[in-house]
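Please read the structure below before turning to the comments.
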Amino acid sequence: MDGFCPEGWKTNGGKAIKFTSADLAEAKVQETVLEAPVVMCDSAHNLIVNLGCMKGIIPRVEGAVGIEEGSTRDIALISRVGKTVCFVVTAITADEEGRPYALLSRRIAQEKCKDYILQNKKCGDVLDARVTHLESFGAFCDIGCGNIALLPIDSISVSRISHPKDRFYVGERIKVVIKSISDDLKITLSHKELLGTWEENAELFSAGQTVTGVIRSVEDYGVFVEITPNLAGLAEPKGDVYVGQQASVYIKSIIREKMKIKLIIIDSFDTGFSPEIKYFYKGENMSEWDYSPASCQKRITTRFCG
7 MDGFCPEGWK
17 TNGGKAIKFT
27 SADLAEAKVQ
37 ETVLEAPVVM
47 CDSAHNLIVN
57 LGCMKGIIPR
67 VEGAVGIEEG
77 STRDIALISR
87 VGKTVCFVVT
97 AITADEEGRP
107 YALLSRRIAQ
117 EKCKDYILQN
127 KKCGDVLDAR
137 VTHLESFGAF
147 CDIGCGNIAL
157 LPIDSISVSR
167 ISHPKDRFYV
177 GERIKVVIKS
187 ISDDLKITLS
197 HKELLGTWEE
207 NAELFSAGQT
217 VTGVIRSVED
227 YGVFVEITPN
237 LAGLAEPKGD
247 VYVGQQASVY
257 IKSIIREKMK
267 IKLIIIDSFD
277 TGFSPEIKYF
287 YKGENMSEWD
297 YSPASCQKRI
307 TTRFCG
């Protein structure tokens, strides 16, 4: 994203990049966004960053957008300790003993990144993201420099899940697509459109195979088993199974015109297994997405704005 990445993207979570004094001086002139790990949050809630050649200090009010105004709580700073943050270099100075240190701003990096996204990205654009935390209603994702956007649970996959932790873990790198941008400039994300259509997923399987899946719903009329994140089938009712179990299932039939896969559960067990995420869409923007097979009357579609 033209240098604006989720925090930890360049260092893969925590490895320190060893900058030289010349690197930092050049970054100050160019207003380049850098990243490095936070080693401490002091009693005044200033963040101390390991730059390699010298200490970096992010003053409290520069630690995040909204800190100075009070719309962002200080826990947003404390929680960065041990993690990588993005920043720009605002000054290089020295302490009373003559040791050089750099003054940094995470807030400016966040503002520069958000301005870039709002000016250059639109609905349907695909972004890199990192999962920051999970709630029952969705996954919060860093889409650049610590700017957070919501990925609602019903937009994670076509196959229904009971909680985003069934699909993601905190820190995971994922792809997302911009679903909407509100009047107050809040960005909402989607994910399921990148995981392929019903046909693309169904082509991975054939009748007569026995495959692994996860039980996602148990109903009186049958058991829904997810065999990929965007594809689930209905198994015949079976006792002693419950949501979250891994299951080995026999594929009885694949009915494209009804968008259905009929399964038989062979066995079920507790392992914490989850089907691997596979991204079918490789482009940079999608204006629309049609999940349903052409022969099926039922339509599942997404139309992206703008």
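Heads up, my numbering is the position in the sequence shown plus 6, with the first residue counted as 1. Every residue gets a Cβ at the ideal spot worked out from N, C-alpha and C, and that includes glycine. All values derive from a computational prediction rather than experimental measurement.
- Around the beta carbon of I81, fewer than 16 other beta carbons sit within 10 angstroms, so the residue counts as exposed.
- The alpha helix (DSSP H) runs lying completely inside the stretch 27-114 and spanning 4 residues or more are 27-36 and 81-84, given in chain order.
- Residue pairing for N291: DSSP places it in a beta bridge opposite D131.
- Of the residues assessed, D246 falls on the exposed side of the cut-off, its CB having fewer than 16 other CB atoms within 10 angstroms.
- With a 10 Å radius around the Cβ and a threshold of 16 neighbouring Cβ atoms, G69 comes out buried.
- DSSP places E209 in no alpha helix (DSSP H); its state is neither H nor E.
- For N236, the CB contacts under 7 Å within the same chain, skipping 5 residues up- and downstream, are S163, V164, S165, K198, L201, G202 and N207 in chain order.
- Its chain contains D134 and G150 as the residues whose beta carbon lies nearer than 7 Å to that of C11, once the 5 sequence neighbours on both sides are disregarded; these appear in chain order.
- For the pair E13 and V91, the CB atoms are nearer than the 7 Å cut-off.
- Three or more Cβ pairs drawn from the stretch 207-222 and the stretch 252-262 lie within less than 8 Å of each other, which places the two stretches in contact.
- Distance from the Cα of C119 is smallest, within the candidate group R79, V71, L210 and D101, for V71.
- The residues V137, T138, H139 and L140, in chain order, have a CB closer than 8 Å to that of V176 in the same chain once the five nearest residues on each side in sequence are set aside.
- If you check the CB distance, E37 and V94 come in under 7 Å.
- Per DSSP, the beta-bridge partners of K181 are D134.
- CA-CA distance, M46 to I63, rounds to 10 Å.
- In this structure V182 is in contact with L195, their Cβ atoms being roughly 4 Å apart against a cut-off of 8 Å.
- Non-local C-beta neighbours of T277 in its own chain, meaning closer than 6 Å and more than five positions away in sequence, comprise Q252, ordered along the chain.
- Counting of Cβ neighbours within 10 angstroms places T218 among the exposed residues, the total staying below 16.
- Contact between C311 and E263 is ruled out by a C-beta separation of about 31 Å, above the 8 Å threshold.
- With distances taken between CA atoms, T308 lies nearest to G130 out of K34, I73, E75 and G130.
- Collapsing the DSSP output to three states places P170 in a helix.
- Counting along the chain, G228 sits inside the beta strand (DSSP E) bounded by residues G228 to T234.
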